[in-house]
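So the structure is just underneath, and the comments pick up after that.
Residue numbers (UniProt numbering): 1 to 969.
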């Protein structure tokens, strides 16, 4: 069984036969690979499925269907269907745009050479087919899984980096068969005849079984040492020739990947649940109203001649009231959230602080559906090499014979991430050593001169670095970043490593050339005790005792081979308990599938949001499995980025993505959702109170256009301002006090208690808004009450706002004014326009009525005084960290320290300053002109644990950089 997987094996594909230089007798998959969410064929069903999973969409589809029943809907047949189609259209366009951007990135032109009709031709990767003879040159990635024919190295050896497959940046050794090692010319390759019999496509990265049957020769077994996998990169080898055996989704890389899931945020799931409960309440309201109508008809049925449309059918009345109260669930919420989330994604894309000028790479929100999820992450799964670390080493200081050389005064204090972000770009020399005393001591025959020379000689000799020449320049392919830095440090100090042969290492030392002969090396190997995994986990869990399951200051380290057993069904729970008891868990040499399984285990068994971040194709599985996947545009290609939900150029940018954008998005989205429900409950519960005074006849209190425009115009702006411009604290405070992240992480701002608290508050406001004017002021006309509702909910939006901007003022005060303008115009358009004749002159009568203006002050005040008092009491007697930070910001603003100024010297606040940036397509590079350069090579190593056909000592002895390598026609 391969160590590449720890779960039950999938059904194995049938074995395949591949013919050499002949037409294939079986049809194989093409080499086109796409990680896009949709295709032309799957878009409509997948999109509709994803949308109908939203409880609000399913509910309004149900209402739209009910409205098609003749004489049932009191509001018409299309009042729900048309808005629903509009919402789905907007959501569909957004999904198409986001997926199209992903597809464009995938279509980056990648080409390779293959032999066709006796000529080498350049073709795109997607055109490569099973059975093709492909040529890959140094530095290129493998386009498909293929068997080595020959290479430029002795014995058909080649060196590959498999970071895209298993995350390792060390060099792996592969070797072709001796029967094909001499096949290098076009003529020889075209004459090859025979077939390859091998196993079917599977996900085992380190296993391969097959046979090569050349005509006229005995069969030769082919194993994993002869296979090159798609996604690996050819290193230290001028060229390699291979026969393609697996393409596209049959390759082992894609077999280890998972299908792009349809992700939903936790906020959306909670909202769906509350919508279902609210729908049950709506049914209860409709049922109560229907029963009321039945009883009222029995009592007053003979004298209500003016209610000609009143029905005595209970089922008919039930459907009527369901349609009447349906806007208790706000249909406007859906399109509002689409616009809000899309705008939040633009803020991420336009953030200059997350722009990396060295590679001209901005941050990218590849989906906007998970913005708020970034504010709730509790478990972070990170790839190491290239993600958590840049893997860049520099030679800065050394100590020889008790004397320290080099100077780095910054090391006298602990360095922060900000210090590293401001370092000058590293050069390919990876050496910042600057101390003339070292060479002066050699020249002046200092007592330690001999020790210095020996030290520098050892630096230049004792390593596994392989030199490559590009013209007059030597490029070092190092076993690790630190090893490369030491060799380059020796080079700068005059001891230049220039080449190696099977028996020696050549250096130029201070105008002299030396040849150092190698000594044999002894490698001690340690074999893991796989059978002891169960006992070991049980023992560790027992040792923790009562601390099991609680975070302790310990770390767990486990390798991929042991992990295979730890993830088995029998001990999975014990492993999870142990992992959750540790502050950090480090998994070494794990396959892509194992990464995905670890994330999936935590995701399913722990009630917390997970985030996975990586930069290679081997990270795709865990990126797609986690609640939120972040890809880094790194040296390992764009596979991780193309499959991610969010893409950044540096791991350090994750801090702002989570603590600022994540927390802000969560606060904005949740406030927007709560406010939308609040304002709809306020308005439509009033229809229930009105039913008690209209005989449960199904009549409406508010004029139809007042209802129709309530969400579209009169109260449309406050949710947008809360969802786009609201923030609890400035970004500086969010970064300065990371404890604030716990507020969103623990969902303190949006949960069942908070949701129903807002709904109960809306219920109280609806009681005051209906019964107060009717019983106290004795002026309960629909238009008067509707304006009181608009004023109350707009002022409520003001109370919810903590970051006032010009848009906030426009939304609150402008919405109130807009209603008055509408009322005045609507009362005067007849008979110029043949609508609303009953409205003629009403504006004049209402606006001249003293009771109207008195109620305009009294009713909203009565509604909101409780809210103000409750907020003031909490701030006084139970002040949270957030409120303390907000007070600190207020004091700072009063001192004028947090103000920004535009080009004219005019003072503007932070949000206005952000809006001024939005039009910039390319952020200026001066903001991060000294970032660590990402394009620096991160080092390579010869794996010591491959257990292949070629050992480390054989590789060193076989390598001879002084000989000219074989060329291919």
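For each residue, glycine too, the CB sits at the ideal point set by N, CA and C.
Give me, in chain order, the residues of the same chain whose beta-carbon lies closer than 8 Å to that of residue 822; leave out the 5 immediate sequence neighbours on both sides. As a position in the chain shown, residue 822 is number 822, starting the count at 1. Around residue 822: 709, 713 and 714.
From what residue to what residue does the beta strand (DSSP E) around residue 221 run? Indexing the chain shown from 1 puts residue 221 at position 221. For residue 221, the uninterrupted beta strand (DSSP E) segment begins and ends at 220 to 222.
Using the three-state DSSP reduction, which class does residue 17 fall into: helix, strand or coil? As a first step, residue 17 must be located in the chain shown, where it is residue number 17. Three-state result, residue 17: strand.
Classification of residue 535 by the beta-carbon crowding that lies within 10 angstroms, buried from 16 upward: Translated into the one-based positions of the chain shown, residue 535 becomes position 535. By the 10 Å Cβ count, residue 535 comes out exposed.
Compare the C-alpha of residue 495 against each of 366, 459, 874 and 440 and name the closest. Your numbering for residue 495 matches position 495 in the chain shown. For the residues 366, 459, 874 and 440, the minimum Cα distance to residue 495 belongs to 459.
Identify which residue in 818, 39 and 381 has its Cα closest to the Cα of residue 586. Mapped onto the chain shown, residue 586 falls at position 586. Ranking the options by Cα distance to residue 586, first place goes to 381.
Within 10 angstroms of its Cβ, does residue 268 collect 16 or more other Cβ (buried), or is it exposed? Working through the chain shown from its first residue, we reach residue 268 at position 268. Buried is the call here.
Tell me, to the nearest whole angstrom, how far the beta carbon of residue 433 is from that of residue 395; I am working on the premise that it is less than 8 Å. Residue numbering aside, residue 433 sits at position 433 when the chain shown is read from its first letter. Residue numbering aside, residue 395 sits at position 395 when the chain shown is read from its first letter. In this structure, residue 433 and residue 395 form a Cβ contact; the two beta carbons are roughly 5 Å apart against a cut-off of 8 Å.
Is residue 889 buried or exposed, if buried means 16 or more other CB atoms sit within 10 Å of its CB? Locating residue 889 in the chain shown gives position 889, counting from the first residue. Its Cβ being crowded by 16 or more others within 10 Å, residue 889 is buried.
Beta-ladder partner(s) of residue 123, from DSSP: By 1-based counting over the chain shown, the position of residue 123 is 123. Residue 123 is bridged by DSSP to 112.
Counting pairs of beta carbons, one from the region 776 to 793 and one from the region 699 to 706, are three or more of them closer than 8 Å? yes
Considering just the uninterrupted stretch of the alpha helix (DSSP H) at residue 556, what are its terminal residues? Start at 1 with the first residue of the chain shown, and residue 556 comes out as number 556. Careful: residue 556 lies outside any alpha helix (DSSP H), inside the beta strand (DSSP E) at 552 to 559.
For residue 239, report the span of its beta strand (DSSP E) as first-last. The count along the chain shown starts at 1 and reaches residue 239 at position 239. Unbroken beta strand (DSSP E) run through residue 239: 239 to 246.
Measuring alpha carbon to alpha carbon, tell me which residue in 135, 172 and 178 is nearest residue 155. The sequence position of residue 155 within the chain shown is 155, counting from 1. Comparing Cα-Cα distances from residue 155 to each of 135, 172 and 178, the minimum goes to 178.
Through-space distance from residue 854 to residue 679, alpha-carbon basis: For the purposes of this step, residue 679 is identified with residue 679 of the chain shown, where counting begins at 1. For the purposes of this step, residue 854 is identified with residue 854 of the chain shown, where counting begins at 1. Those two C-alpha atoms are separated by around 23 Å.
Taking the continuous alpha helix (DSSP H) assigned at residue 867, which residues delimit it? Locating residue 867 in the chain shown gives position 867, where the first residue counts as 1. Segment 850 to 877, the alpha helix (DSSP H) holding residue 867.
To which residues of the same chain is residue 314 closer than 7 Å at the C-beta, ignoring the five residues directly before and after it? Counted from its first residue, the chain shown places residue 314 at position 314. Take residue 314, set aside five residues on each side of it, and the residues of its chain with a beta-carbon closer than 7 Å to its own are 290 and 294, in chain order.
CA nearest to the CA of residue 329, picked from 816, 675 and 205: By 1-based counting over the chain shown, the position of residue 329 is 329. Of the residues 816, 675 and 205, the one whose Cα lies closest to the Cα of residue 329 is 675.
From this set, 68, 80, 338 and 246, which residue's C-alpha is nearest residue 32's C-alpha? Here residue 32 refers to the residue found at position 32 of the chain shown. Comparing Cα positions, the closest option is 246.
By the three-class DSSP mapping on this structure, what secondary structure does residue 829 have? For the purposes of this step, residue 829 is taken as residue 829 along the chain shown, with counting starting at 1. If DSSP states are grouped into helix, strand and coil, residue 829 belongs with coil.
I think residue 693 touches residue 340, with their Cβ atoms under 8 Å apart; what is that distance to the nearest whole Å? Residue numbering aside, residue 693 sits at position 693 when the chain shown is read from its first letter. Residue numbering aside, residue 340 sits at position 340 when the chain shown is read from its first letter. In fact, because the Cβ distance is near 38 Å, the residues do not count as touching under 8 Å.
Segment contact flag, the region 237 to 257 with the region 131 to 138, C-beta cutoff 8 Å, min 3 pairs: yes
Considering only residues of the same chain and omitting the five flanking positions on each side of residue 654, which have a CB-CB separation below 7 Å? Counting from one through the chain shown, the residue named residue 654 turns up at place 654. Closer than 7 Å at the Cβ level, and outside the excluded window around residue 654, lie 613, 630 and 648.
Contact between the region 572 to 590 and the region 545 to 552: three or more CB pairs below 8 Å? yes
For residue 765, name the three-state secondary structure that DSSP assigns. Within the chain shown, numbered from 1, the residue matching residue 765 stands at position 765. It is helical.
Okay, do the region 267 to 287 and the region 52 to 61 touch, 3+ Cβ pairs below 8 Å being the bar? yes
Does the region 756 to 775 come into contact with the region 733 to 743, if we say contact requires no fewer than three beta-carbon pairs (one atom in each stretch) closer than 8 Å? no
Would you list, in sequence order, the uninterrupted alpha helix (DSSP H) runs of no fewer than 4 residues that lie entirely inside the region 649 to 704? 663 to 691
Length-filtered (4 minimum) alpha helix (DSSP H) runs lying within the region 427 to 479: 437 to 443 and 449 to 461
Cβ-Cβ distance between residue 353 and residue 796 below 8 Å: Position 353 of the chain shown, counted from the first residue, corresponds to residue 353. Position 796 of the chain shown, counted from the first residue, corresponds to residue 796. Not in contact: residue 353 and residue 796 (Cβ atoms no closer than 8 Å).
In whole angstroms, what is the alpha-carbon distance linking residue 158 and residue 141? Taking the chain shown and counting its residues from 1, the one referred to as residue 158 is at position 158. Taking the chain shown and counting its residues from 1, the one referred to as residue 141 is at position 141. Their Cα atoms are separated by approximately 13 Å.
Go to residue 49, then tell me how far its beta strand (DSSP E) extends in each direction, as first and last residue. Reading the chain shown from its first residue, position 49 is the one you call residue 49. Looking at the DSSP string, residue 49 is not in any beta strand (DSSP E); the run it does join, the alpha helix (DSSP H), is 43 to 52.
The beta strand (DSSP E) enclosing residue 188, as first and last residue numbers: Indexing the chain shown from 1 puts residue 188 at position 188. That residue, residue 188, is in no beta strand (DSSP E); its alpha helix (DSSP H) goes 186 to 191.
Pick from 502, 165 and 506: whose alpha carbon is nearest that of residue 589? Here the question's residue 589 lines up with position 589 in the chain shown. Nearest C-alpha to residue 589: 165.
Between the CA atoms of residue 262 and residue 50 - distance to the nearest angstrom: Here residue 50 is taken as the residue at index 50 of the chain shown, counted from 1. Here residue 262 is taken as the residue at index 262 of the chain shown, counted from 1. Straight-line Cα distance between these residues: approximately 7 Å.
Could you have a look at residue 207 and say whether DSSP puts it in helix, strand or coil? As a position in the chain shown, residue 207 is number 207, starting the count at 1. Coil, per DSSP.
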